[in-house]
Structures are given as structure tokens and as C-alpha cells.
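Peer 1:
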Amino acid sequence: MAVRIETLTRRRSWTTRFGDRLAEASLLAATAVGLIALTVLLWTVLDQGATALNWPFIRNFASRIPERAGIWPPLVGTIYLMLLVTAASFPLGVGAAIYLEEFAPRNRLTSAIETNIANLAAVPSIIYGLLGLALFYRAMNLGRSLLTGALTLTLLVLPVIIIATREALRAVPHSIRLGAMALGATRWEAVYKQVLPIAIPGIMTGTILGLSRAIGETAPLLVAGAAAFVAFTPDHLLDAYSALPIQIFDWVRRPQPDFQALAAGAILVLLALLLTMNAIAIVIRNRYYRRNR
Amino acid sequence: MATETFTLTSHRKRPVERAIKIALFGCAAFSVLITVGIIYTLLVDTITFFGNVSIVDFLTKANWSPQSGSFGVLELVWGTMIITVGAMLVAGPLGVATAVYLSEYAPARVRRVVKPILEILAGVPTVVFGYFALNFITPELMRAIYSDCGIFNWGSAALVLGLFILPTVASLSEDAMRAVPSSLRQAGYGLGSSKLRVSMRVVLPAALSGVVAALILGISRAVGETMAVTIAAGATPQIAFSPCASVQTMTAYIVQVAGGEASTGSVEYGSIFALGSTLFAITLLLNSLSIRFVKRFREVY
Amino acid sequence: MIVETELVRDDIPIPEEHPAPVFQVRDVAVTYGGQPAVEGITMDVPSDRITALIGPSGCGKSTLIRCFNRMNDLIPGAAIAGRIDYHGLDLYGPNVDPVEVRRRIGMVFQQPNPFPKSIYENVAFGLRVNKMTDDLDARIEKALRDAALWDEVKRKLKTPATSLSGGQQQRLCIARALATAPDVLLMDEPCSALDPIATTKIEDLMHQLKTNYTILIVTHNMQQAARVSDRTAFLTVQGSEEEGIIPRGVLVEFDDTERIFTNPSDSRTEDYITGRFG
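Chains as they are written, first to last, in the working numbering: chain W, 1 to 293; chain U, 294 to 594; chain R, 595 to 872.
1. Below 8 angstroms on the Cβ atoms is my guess for U:P359 versus U:E518; work out the distance and round it to an integer in Å.
2. Taking contact to mean 3 or more Cβ pairs, one atom from each stretch, closer than 8 angstroms, check whether the segment 229 to 248 of chain W and the segment 13 to 28 of chain W are in contact.
3. Which of the residues in the segment 36 to 49 of chain W, read from start to end, lie with their CB under 8 angstroms from any CB of chain U?
4. Does any residue of chain U bring its CB to less than 7 angstroms from the CB of W:A30?
5. Flag U:G517 as yes when its Cβ comes closer than 6 angstroms to any non-hydrogen atom of the ligand GTP, and as no otherwise.
6. Given a cut-off of 7 angstroms, decide if R:V622 and R:P700 are closer than it, judged by their beta-carbon atoms.
7. Near U:P530, what residues of its chain come up, given a Cβ to Cβ distance below 6 angstroms and the 5 sequence neighbours on each side ignored?
8. Anything in chain R within Cβ reach of W:R106, meaning under 7 angstroms, just list it in chain order.
9. Following the continuous alpha helix (DSSP H) through U:Y424, name the residue where it begins and the one where it ends.
10. Note down, in chain order, all residues in the segment 577 to 590 of chain U with a beta-carbon under 9 angstroms from any beta-carbon belonging to chain W.
11. If you compare alpha carbons, which of R:T625, R:Q629, R:P710 and R:V695 is closest to W:L196?
12. For the segment 537 to 589 of chain U, list the alpha helix (DSSP H) runs that are entirely contained and at least 4 residues long, ordered along the chain.
13. Whose Cβ in chain W lies nearer than 8 angstroms to the Cβ of U:K408?
14. Can you tell me the Cα-Cα spacing of U:L382 and W:A224, whole angstroms?
15. Would you say W:A295 and U:T391 are within 7 angstroms of each other, going by their C-beta atoms?
16. So, are the CB atoms of U:A451 and U:A380 less than 7 angstroms apart?
17. Looking at the secondary structure, which residues open and close the beta strand (DSSP E) in which R:I674 lies?
18. Let's test the definition: count the other Cβ atoms within 10 Å of the Cβ of R:A732 and tell me whether it reaches 16, buried, or not, exposed.
19. Is U:I532 helix, strand or coil when you go by DSSP?
20. Could you tell me the alpha carbon to alpha carbon distance between U:A426 and W:P124, rounded to whole angstroms?
21. R:Y626 lies in the beta strand (DSSP E); which residues open and close that run?
22. Taking only the alpha-carbon atoms, compute the straight-line gap between W:L211 and W:T86 and give it to the nearest angstrom.
23. May I ask you to report which of helix, strand or coil DSSP gives R:P754?
24. So, are the CB atoms of W:V172 and W:A190 less than 7 angstroms apart?
25. Is it the case that the Cβ atoms of R:N707 and R:T774 are separated by a distance below 7 angstroms?
26. Let me check understanding here. Comparing Cα to Cα, which of R:E715, R:C767 and R:F719 lies closest to R:K750?
27. So what does DSSP say about R:E633, is it helix, strand or coil?
28. Are the C-beta atoms of W:G202 and some chain R residue less than 7 angstroms apart?
29. Who pairs with U:W357 in a beta bridge, going by DSSP?
30. Out of U:I512, U:L477 and U:S440, state which residue places its alpha-carbon closest to the alpha-carbon of U:G455.
31. Is it right to say W:L8 is buried, meaning 16 or more other beta carbons lie within 10 angstroms of its own, or is it exposed?
32. Three-state secondary structure (DSSP) at U:D338?
33. Would you identify the three-state DSSP class for W:L41, choosing helix, strand or coil?
34. Spatial neighbours of R:W744 within its chain, please: C-beta separation below 7 angstroms, excluding the five flanking residues on both sides.
35. Check for me: the alpha helix (DSSP H) holding R:R722 runs from which residue to which?
36. To the nearest angstrom, report how far apart W:A279 and W:I215 are at their CA atoms.
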């Protein structure tokens, strides 16, 4: 008996196919929501902030008068924080990751440390602020200083750097380690002379991305004593300081639209900073990925 | 025989190697110190706080007004909770839908564009979301629906918070779905199912543990978030149902006090640590739960 | 064995003549996390000869060869029982430094694994970590010559090693291992990732090398073992799930290559050689 071919094409009714098309469109629409939201957000910021962006804005100090207000101290504060946090967290984070990935024996202590780091990476940033408040601000008596802020952010960023570095180390083929050690290198020599050079680009990328997260953090700094109205840029580790996100927060809370515009301007500067850092991270990743393969 | 002078013992000094190993271990152990520090800090001031305030009152009353000495936390819990629920109503369906689309439908070109955009969204600092709530969401959206909406309202906070955690939910769910072996999909298609059916009835259930883990992680991030909710929802601790009402979250209160000049040892100072402990416990619980789901998912695939 | 003494550090004299076997293996067994991998291995590895380890997959050839340069130490959960003597010294003795062992006993792996550095730096690495940096250029040239690679790379020593072909990379790995003047070269299926022409080049190289080095080679290619080696050890898997015994590798027969391939003593060997199984 010949099979009637019509039945194969008529099998799925137009309603089902329409339903499928509708479903796909809905899913696409849902995906688009996030993209549209981001676009609207950036547009809002640009719209209000572009007017505020000019060189005096960047160079001025804080002021109650919107026309004269600028972001110089917060900008400097953010940059100082970035440098300090890098200096503190990079060696600690990379060191911890190297130990865990290359040297640690597979035992309970190691697992506990690893779980601990994973948990720390997920702790809300405000908790780090509380830790900074109690430990650096009060107990160590560092007060509302740049050092307090930097140390607080260092603790925040450390788990992120450790995890990123471990990923970079894991990406190095195991055969490299075996090859090096088969030639009579100690484990440290194998790591330091062969594995690390290959992993460095990945480590740097991860570190920069972790730092860019830290730059945008407001809550831990607020809780650990940053101020919004700082008259001067910090000269000394123990000086008072401000940071871009703090200034943004301060301006956003004021009802006058002029201050909202200032906030938008500061947001643009912050986003520009973040964009630069992320771009550098991506360039590093792309450039060295080829070289080391 | 020359074998007496022939040894296999080391001729190189190795104290440097040992020292390096110890230093590296120190770095790793430092991370434990951080956790100890957090727990100790939170506990000490929390215990002091509960020396002055009844823990029962704290946990069961809804009368948060520290100036007058009453510390019933339920209003702050309400603030955190209602905003989190609202955020998950946004990020949950949209995030999973995005994940399904990216994993099952999207051509490579689209993925290459969308994924970086989601990453950018994830990298935007939350102060910016707070700004967005005040300058767009409330005036354009909230007031379009409720014309007399307050400038600080939890609806806008929930919306922006949902946007903030959307990338997290989406990318983790997508990872889970992509990890489902294509043989399962092929089996579904082979039986004549449509793409929608396969995605919803085969892939999504298979990836369920991973998706649940993503959702739980989203909740955890929402609970711990501070700046967006502080800016958007205001500082009025109250149990209010209308999305136009202002509420205060636990995190917002901590920022309010710490930014002020509460003196050490005062009950107000202690209250932020009590709240901190609560937050820490909640997020720790949620994160452990999420990891458990991830482990369950990994076991299967 | 005649080792060119100028390449050896003065404070560790290597005996000039070695009629005795390089390795004496007595009842060696290796377990991974308590699970047996190989056991009951007793054999003498002769010096200046090529000894092949053959057998079906899972018989523990790679596990066994890794015992000779203590690379199993790097696998968590690995444990060795029994004794291996190297020139009369217990390889696993209490004061023995595995790093020193690996300087003297080189290894070449199945997949060529040059470092992502220049050809020069690849060969130099072993010399540098072992502080054999006097006359670096001459040592590197000698290693590359011994590995039959010098003429092909002498004009491009500073180019990346990864730009070489597979066969050349493997010869580079051999040169790298030879640079530290070992007296033993362990080769774990060195040709299985290479094409036949590259394989032939390496087999020819092995013939040249055996005048100065003891070579131990693991191969799943029987013809290669027959072509190249002087002595052959046949291992096989003993035990199975049906019998209720955890499978592990055992040494069935160890004899001159010619005897193994023409007149084996054990029926299991014969079955494997003739292709009845494995």
C-alpha cells in the first residue's frame, strides 16, 4: 500500500507551528528585555550626564553649588584605592591560588579552604564593610582612612582573584608540569619557570576583572567610613578619602535635578574607567592566548 | 666499586623551596582568617547587642525605630523580602527565558552579541541601577501606572534589582542547559517533537537542578544587595504592600547607620551587626543550598 | 657503558663500566588509592640495551615505567611496594631525592610536550634547573646532535618549539632529556602520536642512542618492539570481574626479544604475539 504523503505535511497543524513561532518570538523578546534595559539605562545616563561632563567637572573639588562641583577627590580616591588594592590582593591572591592548585595535598584541610573561598566570594559586599568597620576602623584604629577602605576592598576582592588565578593555572596543560619535573625540576621550579609564565595572561585578566568589580563597590566603603564631602585629595594613607561611587551616591540622593545631572556625569566617568579596564583585560586575553598555544 | 661515591641524595640546598611553600600556604590560610574575622566580628557585636535587646523582640516584632529603642526587625525583613520577591519575579522568568533562547534557539551570531551585553549588564555598579530607578523607572514607568507614586518606592527597587541579577540567572541557567548532552535533544527531535517541546520538556527538566541553583544564587545576591535598594526604596521601615510605598531593607539600614555617627558600643551600632549576622546567615544558607543543587546537577552529567 | 665524563658534574662520578644491570626490580607492586595496578614485577634491565615493555591496555606498562624515574610520586594516592635498585642503590631509599633521580633518568612522553618557548630554551631548561650552565651552547648543540635534530634546527634555535612538526617536537623532547646527561632514557609510547616516517626516524635514533644510553620503551606496537629492542617484557592483565579479582598487571615473561617473538615460553605471550587477543 502506498503511503499517502499528504499526511506527513499536514501532521503538525498550523496552530502548533504558530505556537512554536510565538514561543520563539516570546523567548527572543524576553532576551531583548535585558538588552533594551541596558540601552535605556545608558541613554538615561548619557542624556543627563553629558551636559555635566567637562574638564572643570573633573578637576573641581566638592561643592554645595552644583555648577562648581567636581569629582577630583573621588576620582583620585578611586585610583588610589585601585592601586592599593592591587598591591595588596595580587600577591596574596595569586600566592594562595598557586598553593591550592600546585602544592596542596588532596585532603580535608584543602577542601575546607577551597569551600571557604567559594563561600567568601558569595558573601554580600556589605558584610565586608562591617568587617572593615570593626577591624580596621575601630580595632586597628585606622579611622576613616584610605587605608581602611583599601584593606576592606582587598578582603572583598581576594576570593575573586584566587578563583580566577586557579582557573588560569588549571588551563595550563598538565603535560607541561610533568615534562618539567621529568627533567629534574622541583615542583616550585616547574611552576615558577614553566606554568606561571603560561598562566600570567589569564591571571592578569582575572585580576583586572576582579578589580573592576571592586571599583564599583559602594556599600563596603560607606560602612567602613568613607566620606562624600572630602575637601582635599588624600596625601597619606591615613587621610580621609572619597571614591567615585560614594560621590555618585551622595549626589543621587539630593532632589535637585542639577545634582542628578552631576551624578550622571560621575557615572559616565566611572563607566569609562570600568570600560577601559575591561577592554585591557580582553586585549590581554586575546593577545596572549595565541602566543601561548 | 665506584658505587660508593655514587649517590642519589640531593646536592642542592632546598630551604628556599620549603620557605616558598610555607609562604604560599600562608596565603591560602589567610583566606580562612578572613572568614574567622567575619564570623568573630559579627558575633561579638551581635551578642553585645542582644545583651541589651531581647532577641525574641528582635525576631518577632515589627517596630523598627532605633531612636526610641525598639528593634523589631520584621519591617526590615519585609523590605528585603518584598524587593527580593519582586526582583525574582522579573529576573526569574526573563532570565530563564533568555537562557532557553540563547541555549536552544539563538544562532551563533546572536549569542556572540548578546552574551557580552549581558556581561556588561552584570558589571554595572549597583549605584548606577539606583540612579536608573530614580531617574527613569520611577518617573517614566511607575508614575505611568500609578500617577501619585512616591519618589522612593519598592516597586522601582524590585525592577532594577531584577535587572541587576538577570545576567547571573541567565548565564548560570544557560550553562546548565548547554551542559545537557545533545543526545537527549536528538532523542526528542527524533520522536517528532518541536523545538519548543524539546526545550521545555526535555532540556529544561534535565537542567533543572542547575537552573534552580541559578535562581537560588539570584535570590542570594538580591538579599545582599545594598545600593540600588537604598537609593530606590528609601528609608522607611514599614510593612507596605503597595509597590509605590517606600520601605527599608536590612542592608539600607546598615548603610544609614554606618554612614552616620553612631558611637561604638551604642545599641544602634550593635544593631547593624545583628542585622549583618542575619544577612550573613541567610546568604550562607542560600549559597550552600545553591552549591548542593549544582553538585546534584554535576553528578548527573 | 661509556659515559662522556666531561658532561657529568665532577662531584658525582658515574662508574665508567657497567656490566651489571642498570635496574634490578624485585617484586614491585603499584597501587593507586589502594587499587592494585601492577604487581609481582621482577626483572633486571640490562645497560646499554633497549628493553621493551609490551602488553594489552591496562596491563600497567606505563605505570611500571613511571616507577623508574619516580614519576608515580606525583600521582596522589600512588604507592609502591617492592624494590628497585639503580646501579645498586635503592631508588626509593629514605634519603633519595626524586629530583636527582629524574636528572639521571630521563623520560619522553607519548604526546610530545615541548614548552611554549624557543627550541634553545627547551633544551636549556633541564640544564638550567640542574645548574649545568657552563658551556650552555655546546651542551645544547650536543643534545640536539644526539637527538638527530641539530641539522634541522641549527639555524632557528630561537624560534618557538611549537612551530616544529610532531616528529621534530618529539626529537626535541628527546634532546631535552639527553641534555642533562642521564644514563637511562625512559620512553612511554614515544611514537604513537607520530606518522610512520617520523616513527622510523625515532627508531633509527634509538639504535644510535643505545651505544651510550640504556633505553626502556613502552610500546603497544609489537612490530616496533621486535624491530627495536634487545630484550622484551610481556605484561598482561590478571583477574577479572567475573572471577571476583580486581584486574591488575603482571609480568608474564621477560626474555631476549628474538625468543619472545619466535618461541615464547608462556601461552599468554604466544596468544598476544599472534594476535589472538589484546
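Every residue, glycine too, gets a C-beta built ideally from N, C-alpha and C.
Small disclaimer: the values here were computed from a predicted structure and weren't measured.
Peer 2: In short, the structure shows the following:
1. Here residue 359 of chain U corresponds to residue number 66 of the second sequence, with the count starting at 1. Here residue 518 of chain U corresponds to residue number 225 of the second sequence, with the count starting at 1. Here U:P359 is actually not in contact with U:E518; their C-beta atoms are around 22 angstroms apart, not less than 8 angstroms.
2. At 8 angstroms Cβ cutoff, the stretches do not touch.
3. Within the segment 36 to 49 of chain W, the residues whose Cβ lies closer than 8 angstroms to some Cβ of chain U are A37, L38, V40, L41, T44, V45 and Q48, listed in chain order.
4. One-based indexing of the first sequence puts residue 30 of chain W at position 30. For W:A30, the nearest CB of chain U lies under 7 angstroms from its own CB, placing it at the interface with that chain.
5. Ligands are entirely absent from the displayed structure, and the ligand GTP is therefore not among its contents.
6. On the third sequence, residue 700 of chain R is found 106 positions in, with the first residue counted as 1. On the third sequence, residue 622 of chain R is found 28 positions in, with the first residue counted as 1. For the record, residue 700 of chain R in the displayed sequence is Gly; it is not Pro. Against a cut-off of 7 angstroms, the Cβ pair of R:V622 and R:G700 comes out as no contact.
7. For the purposes of this step, residue 530 of chain U is taken as the residue at position 237 of the second sequence. Within the same chain, U:P530 has close Cβ partners W357, E368, L369 and Q541.
8. Position 106 of the first sequence, counted from the first residue, corresponds to residue 106 of chain W. Near W:R106 (Cβ distances below 7 angstroms), the residues of chain R are P670.
9. The sequence position of residue 424 of chain U within the second sequence is 131, counting from 1. Run containing U:Y424: T419 to F425, per the alpha helix (DSSP H) assignment.
10. Close to chain W, meaning a Cβ-Cβ distance shorter than 9 angstroms, are the following residues of the segment 577 to 590 of chain U: L577, L579, N580, S581, S583 and I584.
11. Translated into the one-based positions of the first sequence, residue 196 of chain W becomes position 196. Of R:T625, R:Q629, R:P710 and R:V695, the residue nearest in Cα terms is R:P710.
12. With a minimum length of 4 residues, the continuous alpha helix (DSSP H) runs that stay inside the segment 537 to 589 of chain U are 543 to 552.
13. Here residue 408 of chain U is taken as the residue at index 115 of the second sequence, counted from 1. Going along chain W, no residue has its Cβ under 8 angstroms from U:K408, so there is no contact; the nearest lies around 11 angstroms.
14. Along the second sequence, one-based indexing puts residue 382 of chain U at 89. Along the first sequence, one-based indexing puts residue 224 of chain W at 224. Cα to Cα, U:L382 sits roughly 33 angstroms from W:A224.
15. Chain W is shown only over 1 to 293; residue 295 of chain W falls outside these bounds and no answer can be derived.
16. Here residue 451 of chain U is taken as the residue at index 158 of the second sequence, counted from 1. Here residue 380 of chain U is taken as the residue at index 87 of the second sequence, counted from 1. Cβ distance < 7 angstroms, so U:A451 and U:A380 count as in contact.
17. In the third sequence, the residue the question calls residue 674 of chain R occupies position 80. In the DSSP assignment, R:I674 falls within the unbroken beta strand (DSSP E) covering A672 to Y680.
18. Locating residue 732 of chain R in the third sequence gives position 138, counting from the first residue. Burial call: exposed.
19. Within the second sequence, the letter at position 239 stands for residue 532 of chain U. Three-state DSSP puts U:I532 in coil, outside helix and strand.
20. Walking along the second sequence from the start, residue 426 of chain U turns up at place 133. Walking along the first sequence from the start, residue 124 of chain W turns up at place 124. Whole-angstrom Cα-Cα distance: 21 angstroms.
21. Counting from 1 along the third sequence, the entry for residue 626 of chain R is found at position 32. That run of the beta strand (DSSP E) goes F617 to Y626.
22. Reading the first sequence from its first residue, position 211 is the one you call residue 211 of chain W. Reading the first sequence from its first residue, position 86 is the one you call residue 86 of chain W. Cα-Cα distance, rounded: 7 angstroms.
23. Walking along the third sequence from the start, residue 754 of chain R turns up at place 160. Strand.
24. As a working note, residue 172 of chain W is residue 172 in the first sequence. As a working note, residue 190 of chain W is residue 190 in the first sequence. No, the pair does not count as a contact, with Cβ atoms beyond the cut-off.
25. In the third sequence, residue 707 of chain R corresponds to position 113, counting from 1. In the third sequence, residue 774 of chain R corresponds to position 180, counting from 1. No; because the gap between Cβ atoms is not below 7 angstroms, this pair is not in contact.
26. In the third sequence, counting from the first residue as 1, residue 750 of chain R sits at position 156. Nearest Cα to R:K750 within the set R:E715, R:C767 and R:F719: R:E715.
27. Position 39 of the third sequence holds residue 633 of chain R. Correct three-state label for R:E633: strand.
28. As a position in the first sequence, residue 202 of chain W is number 202, starting the count at 1. Using beta-carbon distances, W:G202 does not count as an interface residue toward chain R, since no partner is under 7 angstroms.
29. One-based indexing of the second sequence puts residue 357 of chain U at position 64. Answer is U:F364.
30. Working through the second sequence from its first residue, we reach residue 455 of chain U at position 162. Its Cα nearest to that of U:G455, the residue U:I512 stands out among U:I512, U:L477 and U:S440.
31. For the purposes of this step, residue 8 of chain W is taken as residue 8 along the first sequence, with counting starting at 1. Only weak support exists for where W:L8 lies, its pLDDT of 49 falling under 50; the coordinates are left without a value.
32. The count along the second sequence starts at 1 and reaches residue 338 of chain U at position 45. Helix.
33. As a working mapping, residue 41 of chain W is identified with position 41 in the first sequence. In the three-state reduction of the DSSP assignment, W:L41 falls in the helix class.
34. Looking up residue 744 of chain R in the third sequence gives position 150. Around R:W744: E735 and L738.
35. As a first step, residue 722 of chain R must be located in the third sequence, where it is residue number 128. Run containing R:R722: I713 to V723, per the alpha helix (DSSP H) assignment.
36. Here residue 279 of chain W refers to the residue found at position 279 of the first sequence. Here residue 215 of chain W refers to the residue found at position 215 of the first sequence. Going from the Cα of W:A279 to the Cα of W:I215 covers about 15 angstroms.
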